[in-house]
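**Q**
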Amino acid sequence: MNSFSFTTVQGKTEVFYCDEPFLPHVGTYGGMYIADSNTAPIAKNSKNFRHDLPLVIIEAGEENKNFTSLEFIIKTALDAGLSRNSVFIGVGGGLVCDLAAFAASVYMRGAKCKLVPTSLLAMADAAIGGKTAINFDGYKNMVGTFFKADEVYISPKVLKSLSEAEYLSGMFEIFKMGLLYSKDIYQAFKTQKENILARDEGLCLELVKKAVEAKALVVSRDFDEKNERAFLNFGHTFGHALESVLNFSKVSHGEAVAWGISKAMLLGKKLGLTDSSYADEVCAVIHSYSRIDVPLLYDKEKVLLTMKKDKKNIDAKIRLILQKNICETFIYEASEKDIKDVL
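Read left to right, the sequence shown gives residues 7 to 349 (the working numbering).
1. Is the Cβ of residue 349 closer than 8 Å to any Cβ of chain D?
2. Using a Cβ distance threshold of 8 Å, determine whether the region 166-184 contacts the region 27-38, with at least three qualifying pairs required.
3. Identify whether residue 286 lies in helix, strand or coil by the three-state DSSP scheme.
4. Can you tell me which of the three DSSP states residue 193 falls into?
5. Under a Cβ-count criterion, where at least 16 other Cβ atoms within 10 Å of its own Cβ denotes burial, should residue 346 be classed as buried or exposed?
6. State the start and end residues of the unbroken alpha helix (DSSP H) segment that holds residue 68.
7. With distance defined between alpha-carbon atoms, name the residue in 109, 248, 142 nearest to residue 38.
8. When DSSP labels each residue in this structure, what does residue 266 get in the three-state scheme?
9. Which residues in the same chain have their Cβ closer than 6 Å to the Cβ of residue 296, if we skip the five residues on either side of it in sequence?
10. To the nearest angstrom, how far is it from the Cα of residue 184 to the Cα of residue 332?
11. Considering only residues of the same chain and omitting the five flanking positions on each side of residue 158, which have a CB-CB separation below 6 Å?
12. How would you call residue 193, buried or exposed, if buried means at least 16 neighbouring beta carbons within 10 angstroms?
13. Which one of 196, 242, 102, 161 has the shortest CA to CA distance from residue 210?
14. Looking only at C-alpha atoms, which of 94, 217, 98, 312 sits nearest to residue 2?
15. Helix, strand or coil: which one does DSSP assign to residue 90?
16. Given a cut-off of 8 Å on the beta-carbon distance, is the pair residue 251 and residue 163 in contact?
17. Contact check, residue 238 vs residue 224 under 8 Å by CB: the rounded distance?
18. Could you tell me how far apart the beta carbons of residue 144 and residue 229 are, in whole angstroms, since I believe they sit closer than 8 Å?
19. Give me the Cα-Cα distance between residue 306 and residue 171, rounded to the nearest whole angstrom.
20. From the DSSP output, in three-state form, read off residue 142 for me.
21. Residues bridged to residue 332 by DSSP?
22. Residue 323 bridges to which residues according to DSSP?
23. Let me confirm a value: residue 123 is counted as buried when at least 16 other C-beta atoms fall within 10 Å, else exposed. Which label applies?
24. Would residue 219 pass as a contact of residue 227 if the rule is Cβ separation under 8 Å?
25. To the nearest angstrom, how far is the alpha carbon of residue 150 from that of residue 103?
26. For residue 79 and residue 62, which I take to be in contact (beta-carbon distance under 8 Å), what is that distance rounded to the nearest angstrom?
27. Could you pull the start and end residues of the beta strand (DSSP E) that residue 123 belongs to?
28. Closer than 6 Å by C-beta to residue 267: which residues in its own chain qualify, once you throw out the five before and the five after it? Chain order, please.
29. Across which residues does DSSP place residue 62 in a beta bridge pair?
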């Protein structure tokens with residue numbers, strides 16, 4: 007089992023790369039498992055699963071990333087007599103990783119948290135870096151905390167079981183990391199499309215490692231998103247707004263982010279801030295992997311209104327992440343008119 011670690015202001019996170027899905031040890035203070043209806047079998051069939059510990063199963067679906075699910079987890083922990091030294095183990099995709107870590111962060115003002123991401127999106131993004139959240143009142147990730155996991159266990163073997171939409175959703179997050187921090191990742195997306203779509207295990211693991219290590223470096227420098235970590239929101243202000251307007255259905259998170267990146271590229275190109283040929287190439291690469299099925303009649307005014315309520319904004323100004331070129335990223339406060347022009 008290979009591993010590497012990174013340290014933030016909250017302490018160390020150890021990331022393990024496993025041949026098979028592997029549950030972490032619980033320790034002497036007990037703990038609980040959190041999974042969704044799709045990943046509960048993975049938890050039960052994993053090494054080290056303890057039948058004497060509670061297993062909370064959340065119904066799969068972004069609409070269940072809410073206070074009701076959070077309360078269910080906390081109530082189960084209380085009923086089991088868990089303490090702040092107990093371990094909350096999340097086994098699942100972004101939904102589960104966000105919920106498990108959020109619950110751990112608020113239970114008795116902070117329990118232990120270990121994550122076993124089972125989707126590509128969670129491996130490359132949700133399980134790394136300590137952002138936790140639930141959706142609220144139709145808005146994506148509106149309530150949450152910064153709370154790092156103590157350990158993360160990644161196994162690329164589970165990727166074979168993902169649907170095409172789930173797999174591409176994660177790949178688009180890795181693609182985003184390539185644009186921000188790794189020319190090698192971007193080059194792989196341009197030249198190894200066949201192997202990526204075939205889910206070549208060696209290549210997938212290499213891409214995940216590069217994305218994880220790039221993100222780890224960023225969050226170790228800026229854990230609570232005061233500066234550089236904001237770049238990781240590339241494509242997300244557009245994308246989160248689209249997800250909210252479509253009621254977290256019709257498009258996956260990764261597709262929404264890819265759509266958001268393409269809109270950011272169009273905006274940067276329109277304003278003369280992004281190299282034109284680079285913007286065109288990025289959009290072409292995105293569409294070569296997936297014709298993102300965004301409903302043609304989505305409400306542009308609602309998207310704009312939702313963008314105005316994005317938690318990353320300052321003084322009611324819409325803050326977007328744009329690029330001059332690959333690995334050349336900056337924050338830009340865009341006018342409503344300019345945004346409307348590219349929606």
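We treat Cβ as the ideally placed atom computed from N, Cα and C, and that holds for glycine.
Computed from a predicted model, the values in this text were never measured in an experiment.
**A** Reading it off the structure:
1. Checking the listed chains, one finds no chain D in this structure; it contains a single protein chain.
2. no
3. helix
4. helix
5. exposed
6. Unbroken run through residue 68: none, as it is neither H nor E.
7. 109
8. helix
9. 174
10. 8 Å
11. 21, 121, 133
12. exposed
13. 161
14. In this structure the chain extends from 7 to 349, so residue 2 is not present and cannot be described.
15. coil
16. no
17. 6 Å
18. That pair is no contact at about 28 Å.
19. 24 Å
20. strand
21. Its beta-bridge partners do not exist; DSSP assigns none.
22. 320
23. buried
24. no
25. 12 Å
26. 5 Å
27. 118-123
28. 241
29. 40
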